[in-house]
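Written out below as C-alpha cells is the structure these notes cover.
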Amino acid sequence: MPSSVYFISDTHIRREDGAREERLLSFLEHIDGRAKALYILGDLFDFWFEYRSVVPRTGWRTLRLLHDFVLSGTSVTCIRGNHDFWLGPYIYDEMGIEVIDGPVWVRHQGRKLFLAHGDEFFREPGYRALRYILRHPISVKLFGLIHPDLGALLAGAFSRAAKSTSSGKVNAVKETLVRTAEEKFEEGADVVMFGHLHMPVFRRFGRKALVVLGDWIHNFTYALLEDGEISLRRWERSS
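Shown next as C-alpha cells:
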C-alpha cells in the first residue's frame, strides 16, 4: 500500500493558462498509485465560485483526476486559499475532496504537521479588510445573483485585487510565517507548512522543519513526506 504523503499549493488553475494545468496534470499522473494522501494548501484555482446549478469550466481535468484519486482510496484534502475561498458543495459532495476552511493539524508517519494556506496570519489592514468582505455571507449571496458570464469577468478583478494586496510585501509575509512556525513548534508541531508566499522555503530546526511550498506558476515545487522525512522538491516533466 502507498504510504507517501504529498503537498502542493498555489497552482492557480485558470482557463487562460492551459500549460500550467498540463504540468500539474503530469505531476498528478506521476503520483497516482504512489500517494496515500494529497494535501492542497490553498489556491488550487485562481478563482472559483459555484452557483446553484452552474460550476466553472476551469480545471475540470484536474478535478476529474483528483476524483479518481479519491475513488482509488487516496485521500485528497484542500484548504481554502485567498483565491478559492468560495470552494463549495460540488468539490466536496460530487468530487469527494475534503475542503477545510482554515489551518489543520494532521499526523502521518509518526510526525505532527500544522498545515495552513498562510494568508490568515498576514496582518496588513487593507488585506484583512478585503479578506473579511469577500468571505462575508452577504458578499456570497450578492455574487450569486450575478450571471455566471459576468461573474467570470469580475473574477479577474477579484484575483488581481487579492494579488495586489500581498505583492511587494514578500519579506513581511515571510517573517510572519517564520514567526508563526516558531509558535507552532512550541505547540508540538514537527513540520509547519504554508502556501501563499509563492516562494519555496525549507528550513530545518533540528528534527523540525518549516516548509513554504512555492507555487506552480514559476517554481513547480511540492513537498513529500516519506519514511518520516519531509523534503521540498521541484517537479520536472521528465521525472
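Numbering-wise, this note's numbering comes out as the position in the sequence shown, counting from 1, plus 2. A virtual CB, placed ideally from N, CA and C, is assigned to each residue, including glycine. Remember, predicted model here, so these are calculated numbers, not experimental data.
Bounds of any beta strand (DSSP E) do not take in A21; it lies within the alpha helix (DSSP H) bounded by 20-33. In the DSSP assignment, A191 falls outside any beta strand (DSSP E) and carries neither an H nor an E.
The straight-line gap separating the alpha-carbon atoms of E177 and S5 is approximately 33 angstroms.
Pairing P202 with T182 gives a Cβ-Cβ distance that is not under 8 angstroms.
DSSP places E177 in the helix class (H, G or I) of the three-state scheme.
Note that the C-beta distance between F47 and G61 is below 8 angstroms. Of the candidates E23, F116, G197, E23 places its Cα closest to the Cα of R63.
For V172, the secondary structure class from DSSP, reduced to helix, strand or coil, is helix. Each of L115, D95, G120, A211 was checked against the Cα of V7, and the nearest Cα belongs to L115. Our two residues, D45 and T13, have alpha carbons roughly 6 angstroms apart in a direct line. Put simply, of R17, G112, H32 the residue whose alpha carbon is nearest the alpha carbon of W237 is H32. According to the DSSP secondary-structure assignment, R236 is paired through a beta bridge with T223. Following the DSSP letters along the chain, one finds W62 inside the alpha helix (DSSP H) bounded by residues 62-74. A Cβ-Cβ distance of about 5 angstroms is found for the pair L68 and V78, placing them in contact under the 8 angstroms criterion. Beyond the five residues adjoining it in sequence on each side, L30 comes within less than 6 angstroms, by CB distance, of L67 in the same chain, given in chain order. A distance below 6 angstroms between beta-carbons, with the five flanking residues on each side excluded, links E228 to the following residues of its chain, in chain order: S6. DSSP, read as helix, strand or coil, puts Y8 in strand. I99 has no beta-bridge partner at all, per DSSP. Y53 is the residue among D217, V193, Y53, I15 whose C-alpha sits nearest the C-alpha of P91. If you compare the alpha carbons of R235, D217, S233, I93 with that of H119, the shortest gap goes to D217. A211 is bridged by DSSP to V193, R206. In this chain, the beta strand (DSSP E) harbouring Y41 covers 37-42. In the displayed model, E184 falls within a helix according to three-state DSSP. Per DSSP, reduced to three states, the secondary structure at F116 is strand.
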